[in-house]
Amino acid sequence: MTGTAVITRRLVHIYRTEGQDVAALSGVDLTVGAGEMIGLLGPSGAGKSTLLGLMGGLFRPSAGQIRVGDLELSAATTHQLDELRATTVSLLLQGARRNLLPYASPRENVEFAQSATRARGAGVRDPGEVLASVGLDGLGTAPLGSLTPGQLQLAALAVALAPGPGVLLADEPTGQLDHRARDVVLATLARVNREWGTTVVLVTHDAEVAAALPRTVTIRDGRIGGEGRSGEEYSVVSADGFLPLPAHVLADLPAGTLVRFHPADGTYQLLVEDEDLP
Amino acid sequence: MLKVIRHRPVQAVVIAALAALVTACAVLTPLYQRALEQASVQVQLAHAPASATQLQLTSNGILPDIYSGARFARPPLTREELEALVPRTLRDELGSPVAARVVIAETDHPSPSQGRVIWRAGECAHLTMQQGRCPSAAGEIAVSSADAHNFGWGPGTTLPATEVPPKGTPGNPATATFTVAGVYAGFGAGFWDGWALTGVSGTQPDRAEVAHDAWIAAEPTFDAVAWVNPLSELDFPLDPGATGIDQLLRLPPQADRLRLALARRPKGAASAHLSWDVTALTQPVLEGRRQARTTVPLLMAPLGVLGLVVLWMALTTAAEQRRPEVAVARLRGRGVRGARGYLLAELLTVALAGVPVGVGIAFGLGRLARGLVLPGNVALEVRAPVVAALVLAIAAVTVTTWVVADRVGREPIAALLRRVPPRRPGWALGTADAVALTASALIVGAFVTGNLTGPLALAAPAVLALAVGLVVSRAATPVATRLGRRMLRLGRPAPAIALLQVARRPGTRGVIALLTVAAAILVFAGNAVAVGGRNRAVAAAQEVGAPMVATLSGGSIATVEDVIADARVPAGSVTPVLVENAVGYDEQANLFVLPAAFSRIAALPPGAGARVTHALAAPDVAPIRLRGSELTMTMATTKLRTGTSPVRLALRLLGSDGLARSVPVAQLVAGTTAPRTVRVGAECATGCVVTGWELATDPANSVTGTITVGGLHGSDATPVPLGVTSDWSVVDPSARSALTATEAAAGSLTIGVHNAGRSDVLLQHRWVPSTLPAVVSGRLPQGASGRSFTGTGLAGDTAMTAAAHVRWLPRSGRSAALSNLAVAARIGVPLDPQAELQLWFDRDDAGLLARVRQAAEARHMSVLRVDREADALDELEQSASAWSLQLGVLVAVACLLVAALGVGIAGAASWRTRTRDLAVLRLHGTPASGLARVSLGEQLPVILVAVIAGTASGVLASQVAASSVPLLPTAPAADLLDTSLDWPVMLVLGLVAAVALSALGWLVGVLVARRTTLARLVEAP
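Residue numbers (our numbering), protein chains in the order written: chain A, 1 to 278; chain B, 10001 to 11021.
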């Protein structure tokens, strides 16, 4: 199994509600490489879940492009989107039970998740192997009601991995779990990413989870607010020249502040209007 | 699959049960209809007269012609010859034939009497012998016990008899000597049906010869004597056990073909006559079938629709609960078809599992209805309509399930992932609702304007209720929202929250639609049952006329009154009625009654009793009574011009025998004559009444002047008062010739004469009305002018005046006239032999009837027939229309149960969500009592609004469909159908529905409130 890249260009999505329109995404440029594991961070309402939903083909963008592998989702047909979800993209919803058929065992859930993939002639792993890959071998036939919250989340993860997707989109996969279960789930995700090459995009509010990820992308007000890589925080210049400032810088430079970019030694200095040049 | 179903077992059971209900309604409809049709045939066969239930072939040969002599005489056809006339295909439909032979004979021993001599194959097994034995040899007869009593005949009595051939038959009639072998006291009603063996002994049925009952003879009697005009008969009875509706309906065309074939027999062949009123059987059966095909679907279809609505509700609830699972299916790559297939795999399996259960229920209910409602033991037949109904039910269940699954399957994944499905606010209609509403409006509109007939018309009441339910359910959300917000502003949080919950709950619309339809059907069915019962009661009362009516043979008005006196009848409990029956469909029946007693005893439209008494009151003039065999009077003339011909004055009298007579008084001379005494013989020894003066002369002779008569008296010398001038009326005021009373005083009467050429002119005492007042129903006969018309009086055409009009009169058809019997008798004509004398009883009293029967026989009359209102009602109750309407009881009960089930389903489907919402309130400090108020507030207003809307639409549907529901087996000739709504029944049923469903809603609300704990907040959805 190899991962699938996800690329967005100037991605815009507007929710139309009674009496008003809300822009959830206002031009997102993001590239997730094949086999990469990233976290999406940001405050509530920033657009993280919307971005995840767009990546999963749950709805179409209002503007811009989003490409998963070779498929341009904004122009894809319903059939193509169904096939995408059957073979390439898996969405792990927030709340383990939302991903599971309540009356079926973990193994039966995995088999159910693989049925559409098999119907399209694509190969899938043995359900037992899938369960084993998340550490649930031995619990394949257990009733869901007998599983711990952590085991339930792993079962949900198994279901998401069952079709052998190139991209796994996980919404708060560690939410409502204790530390130990959280660590187990994270470790499993990392192992899947490492061993299977699955591209993993997960949404989290947990700083500790974010710290464990090789790359994080912060969404703020519908735009990429910054990135974190190897412990360093970066601001990302968008295609239209927008450069979001980190939060702590914003505290010193409120809205309306005039700044200049002064080239210096192959880089640029940010100078506030009333500062003198050296 | 089993695992899926076991996960929500209650839901599965409910869906299967509702599918079973829909199937049961569909399958039961043709099943019950067919059973009803077969039962109708059984009832008709059991109650129809022999003239309808058996094919009668008779042959009485050809008599010797007075011109051609005996050369062309032919004996009647034999049994074998008669049997050969009936085609094999027709014979196969009938039972074994029974032969009979009849002659009419008279005897003078001890006094002249005549009657029939009958032999019928197998007769002895159907006679109850009181004395002696059944005849077996030639010349032996059995006589009735009435004959034995009246004529003194007994075993061993020898009776010389002479045949009574038709008048004009040449030659001597046959003679025979019969020996009484036995006396029969009773006979099998079925075998002898239509033969009327007894009932005329010693009577004069046609007011001519005295009759005796039938003499039963052995077959050799007919071979031993050369009877001139014997009748040969062969009867083919229908076999009730083997005659179903299909066989019965094949008979009329076969009978017609046979009739045609017999008419085409060659000239000179012995006559063969077919008598078979089979249409008297088939017409009610066909009418009953037509009614059943209207009423049964009219009642069952709405119940089926209701079941389908509740099934749709349950399936929608189930599908809504499975949205997360459908979302999982879509997320894992299943498309719309796959998602729909996921839902159908479970829901359709469960729904179709209910179908065989429904078939079983249909058969069970069919057996129950057969046992409780239908007479006999008709089979439940599985025929093409039942199979078609089953297919229809399966299709309906499948389509409903498919539509529900498809709707959820098509939803976008984002919508499926939302916990509360998105709802369009306000009054916006979904496409399905808009289509349903539009179709409903079109159907109802067409029905109301009379442009919709046939099967669709039957669905109109249910469709109307559905349309109302849809509108009310759509209005519920915005109205509840606005009211809830207003309650919040007014600071009433509990009702506010309850109303807002009502607005946001997805199940509210379904519950409202369901309860509206259920309440509407309940009210509609209840009204149909009540109105049907009311009309049957009125029809039975109108058909018979009184609780019991005895028809007498022979007699006169005077003898009938004697019978009443002899029978010691309690005052006012029996009244005589003379009936001149209508001859044709459009003819008028005439009834002659004693108004006061009749108004109390007879069945009349409401308020008609007083009008009858008032309109038929006798003239308020005292009669002029005389007694004696000789009458004396003084007579004078003044300026009398008598013309060229003799002029005679006569006195018209009504004798004590009830007959009018004209007594010549004097021949008048011209000029002025002094008073002179005139004596005339009159048969008034037992009393007479003066009814008028008559002037007779030759036609074209003119007579003018005055005649004064006075001092009129009979055997006692006291002159009778002749009244005042207004007591005398001109018979024909428009005529140029008339006698007028110009002066009357002190016992004398001056008569003005002006005759312009009539042969007789009459001055009539107003004690005898010149035209008979009548209370009429329907149209006046042809030739009527204004309110005046010619009706059938006691002896023929009589001038009548319509004094009042009522909707219908008892024991009559399209039109009838009711007149005063005592007043009509004053006209003084002999009774029409065809008129029926009846006694109408104010109650069904067997003891009173027995005394009347005995008194009648003592006066040589007999009770020919007794009709009872209870029997007529029983017959109406045993009809297709009654059985169909009684299905309404089952429908009403089923509706209430289905509605209760719907409330239960809605509660079961939403209790988790509701308890969670209430738990949030609890978390924020709302006390338990407040939670209960909120919970109840979510239930009760919805139920009450829906039941009120449903009751109103049920009332409207009843009004709209009133003329479509067949209330009686056949359309009555009289205008007595009353389709007005039974408001008490409808309102009571609406109240029952409101109370019962509110009680259930209260229970659900209380249970939901009690199950509200804070733990609900952390439960998984």
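Glycine included, every Cβ here is placed at the ideal spot set by N, Cα and C. This structure is a prediction, so every number in the text was calculated from the model and none was measured.
{"Item": "Going by alpha carbons, who is nearest to A:A210 out of A:Q153, A:G56, A:F59, A:I38?", "Value": "A:I38"}
{"Item": "I'd like to know if A:R16 contacts chain B, where contact means its C-beta is closer than 8 Å to some C-beta of that chain.", "Value": "no"}
{"Item": "At a Cβ cut of 9 Å, what residues of the stretch 10397-10414 of chain B count as close to chain C, listed as they run along the chain?", "Value": "Of the protein chains in the structure, A and B, none is chain C."}
{"Item": "DSSP three-state call for B:M10001: helix, strand or coil?", "Value": "coil"}
{"Item": "Is the Cβ of A:A104 closer than 8 Å to any Cβ of chain B?", "Value": "yes"}
{"Item": "Taking a Cβ distance cut-off of 8 Å, strictly less, list which residues of the stretch 10298-10328 of chain B are near chain A, in chain order.", "Value": "P10324, E10325, A10327, V10328"}
{"Item": "May I ask which residues mark the beginning and end of the alpha helix (DSSP H) holding B:E10037?", "Value": "10009-10047"}
{"Item": "DSSP puts B:A10650 in a beta bridge; with which residues?", "Value": "B:P10664, B:E10694"}
{"Item": "Does chain A have any CB closer than 8 Å to the CB of B:G10335?", "Value": "yes"}
{"Item": "Pull up the DSSP beta-bridge partners for B:M10800, would you.", "Value": "B:L10772, B:F10789"}
{"Item": "Using a Cβ-Cβ distance under 8 Å, would B:R10340 count as near chain A?", "Value": "no"}
{"Item": "I'd like to confirm the pairing. Which residues does DSSP put opposite B:W10728 in its beta bridges?", "Value": "B:H10765"}
{"Item": "With a floor of 4 residues, list each alpha helix (DSSP H) that falls wholly inside the stretch 72-153 of chain A, ordered by position along the chain.", "Value": "78-87, 106-119, 127-133"}
{"Item": "Look at the alpha carbon of B:V10995 and the alpha carbon of B:V10404, and state the distance between them as a whole number of angstroms.", "Value": "32 Å"}
{"Item": "Shortest alpha-carbon distance to B:P10595 belongs to which of B:R10851, B:I10015, B:R10933, B:A10824?", "Value": "B:A10824"}
{"Item": "Taking C-beta to C-beta, are B:Q10056 and B:W10276 nearer than 8 Å?", "Value": "yes"}
{"Item": "Put B:C10124 into one of helix, strand or coil per three-state DSSP.", "Value": "helix"}
{"Item": "If contact is defined by three or more beta carbon pairs under 8 Å, each pair taking one atom from either stretch, is the stretch 10979-10994 of chain B in contact with the stretch 10509-10525 of chain B?", "Value": "yes"}
{"Item": "Any idea which residues DSSP pairs B:V10965 with across the strands?", "Value": "Paired residues: none, contrary to the question."}
{"Item": "Can you pull the DSSP bridge partners for A:Y268?", "Value": "A:P263"}
{"Item": "Please list, in chain order, all residues of the same chain as B:P10165 whose beta carbon is under 6 Å from its beta carbon, the five residues on each side excluded.", "Value": "P10173, V10228, N10229"}
{"Item": "To which residues does DSSP link A:Y234 through a beta bridge?", "Value": "A:E227"}
{"Item": "Flag this pair as touching only if the stretch 10832-10847 of chain B and the stretch 10551-10559 of chain B have three or more C-beta atom pairs under 8 Å; answer yes or no.", "Value": "yes"}
{"Item": "According to DSSP, what are the bridge partners of B:Y10184?", "Value": "B:M10129, B:S10144"}
{"Item": "If distances are taken between C-alpha atoms only, which option among B:A10121, B:A10498, B:A10610 comes closest to B:G10930?", "Value": "B:A10498"}
{"Item": "With 7 Å as the C-beta to C-beta threshold (strictly closer), list the residues of the stretch 115-148 of chain A near chain B in chain order.", "Value": "A116, T117"}
{"Item": "Taking Cβ-Cβ distances shorter than 9 Å, what residues in chain A pair up with B:V10004?", "Value": "L101, Y103, A104"}
{"Item": "Pair every Cβ in the stretch 10290-10303 of chain B with every Cβ in the stretch 68-88 of chain A, then say whether three or more of these pairs are closer than 8 Å.", "Value": "no"}
{"Item": "To which residues of the same chain is B:W10427 closer than 8 Å at the C-beta, ignoring the five residues directly before and after it?", "Value": "Any reading at B:W10427 must be qualified, since the residue scores a pLDDT of 49, below 50, and its modelled position is unreliable; the value itself is stated next. Cβ within range, chain order: R10474, A10475, P10478."}
{"Item": "Can you tell me which residues form a DSSP beta bridge with B:E10836?", "Value": "B:V10579"}
{"Item": "For chain A, find out if any of its Cβ atoms is closer than 8 Å to the Cβ of B:H10924; answer yes or no.", "Value": "no"}
{"Item": "Could you give the first and the last residue of the continuous beta strand (DSSP E) run that contains B:I10827?", "Value": "Per DSSP, B:I10827 belongs to no beta strand (DSSP E) and is neither H nor E."}
{"Item": "Examine the Cβ distances between the stretch 10624-10632 of chain B and the stretch 10701-10719 of chain B and report whether three or more of them are shorter than 8 Å.", "Value": "yes"}
{"Item": "Please compile the residues from chain A whose C-beta is within a distance smaller than 7 Å of the C-beta of B:L10331.", "Value": "R85, L91"}
{"Item": "In whole angstroms, what separates the C-alpha of B:L10082 from that of B:G10156?", "Value": "36 Å"}
{"Item": "Contact criterion: CB-CB distance below 8 Å. Does A:V12 meet it with respect to chain B?", "Value": "no"}
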